[in-house]
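As structure tokens, the structure follows; a few thoughts come after it.
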Amino acid sequence: MLALAITADLSGVTDLQPEDTEDSPFYYTFKETNEQSGSRGDANFVWRCKNCKREHSANMIETPKSYPQQSPPKPKNIITMDCRGLEFLEFKPDGAWKAIGTESGTKFSDIDLTEGDWYDYDEKVSEEVSIKDVKWEIRRA
1236 MLALAITADL SGVTDLQPED TEDSPFYYTF KETNEQSGSR GDANFVWRCK
1286 NCKREHSANM IETPKSYPQQ SPPKPKNIIT MDCRGLEFLE FKPDGAWKAI
1336 GTESGTKFSD IDLTEGDWYD YDEKVSEEVS IKDVKWEIRR A
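Residue numbering for the sequence shown follows the numbering used here, starting at 1236 and increasing by one per position.
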């Protein structure tokens, strides 16, 4: 089992999580299942090595969890994957994320974390909100 963990400094926002909709699915969320040859099981991702002919698979165990605002920032597993015969090495946040204003409840969407930082303004409380120092880690669950 592997887990994707995030550590980030959230200011004025909480409950950071991938924005996963039908119109804009998040890249790591597998929407389909594939049969595994020689087995009754299925998986979100199935890959066969051309050299050794072995089949490898990965399955998302649960829906992504949100990352809360906390001080100091601590790593939290947001998704768990059951990997058989393969291992994910890196994560790149190429999709949209969403969060909620801590004081106002304002919903922020289309958050882009590809650069590692995000800044916006919460008009309901007249304050800047931000997500800084984002770090990703794939670790044993």
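Virtual Cβ for every residue (Gly too), placed ideally from N, Cα, C.
Bear in mind that the values here come from a model prediction, so they are computed numbers and not experimental data.
Closest by CA to residue i, which one among the options?
i       : options                               : result
Asp1379 : Ala1238, Pro1253, Thr1242 and Ser1246 : Not covered by the structure: residue 1379. The range shown for the chain is 1236 to 1376.
Ala1238 : Gly1320, Lys1300 and Leu1348          : Lys1300
Cys1318 : Glu1257, Asp1258, Ile1296 and Ser1306 : Ile1296
Ile1366 : Leu1321, Tyr1302 and Gly1276          : Tyr1302
Tyr1354 : Trp1371, Lys1333, Ile1373 and Arg1374 : Lys1333
Glu1372 : Glu1362, Trp1282 and Glu1322          : Glu1322
Asp1277 : Ile1313, Glu1290 and Ile1314          : Glu1290
Lys1327 : Glu1257, Lys1370, Cys1287 and Ser1246 : Lys1370
Lys1288 : Asp1357, Gly1320 and Val1364          : Gly1320
Gln1305 : Trp1282, Thr1337 and Tyr1356          : Thr1337
Ordered along the chain, which non-local residues of its own chain (more than five positions away) have a Cβ less than 8 Å from that of residue i?
i       : result
Ala1331 : Pro1253, Glu1254, Ser1259, Phe1261, Ser1344, Asp1345, Ile1346 and Asp1347
Ile1384 : The requested residue 1384 is not part of the displayed model; the chain covers only 1236 to 1376.
Arg1375 : Met1236, Leu1237 and Ala1238
Tyr1356 : Glu1362, Glu1363 and Val1364
Which residues does DSSP pair with residue i in a beta bridge?
i       : result
Arg1374 : Ala1238
Glu1290 : Arg1283
Leu1251 : Tyr1302
Ala1331 : Asp1347
Ile1366 : Leu1245 and Trp1353
Ser1336 : The question names Ser, but residue 1336 in the sequence shown is Gly. BP columns for Gly1336 point to Val1248.
List the endpoints of the continuous beta strand (DSSP E) containing residue i.
i       : result
Gln1305 : Premise fails: Gln1305 is in no beta strand (DSSP E) and is neither H nor E.
Val1281 : Phe1280 to Arg1283
Lys1359 : Here Lys1359 belongs to no beta strand (DSSP E), and DSSP marks it neither H nor E.
Thr1315 : Lys1311 to Arg1319
To which residues of the same chain is residue i closer than 6 Å at the C-beta, ignoring the five residues directly before and after it?
i       : result
Asp1244 : Pro1308, Lys1367 and Asp1368
Lys1359 : Ser1339 and Thr1341
Using a Cβ-Cβ cut-off of 7 Å (strictly less than) and excluding sequence neighbours within five positions of residue i, which residues of its own chain qualify?
i       : result
Lys1311 : Ala1240, Ile1241 and Tyr1302
Thr1315 : Met1236, Ala1238, Ile1296, Glu1297 and Ala1376
Gly1351 : Val1369
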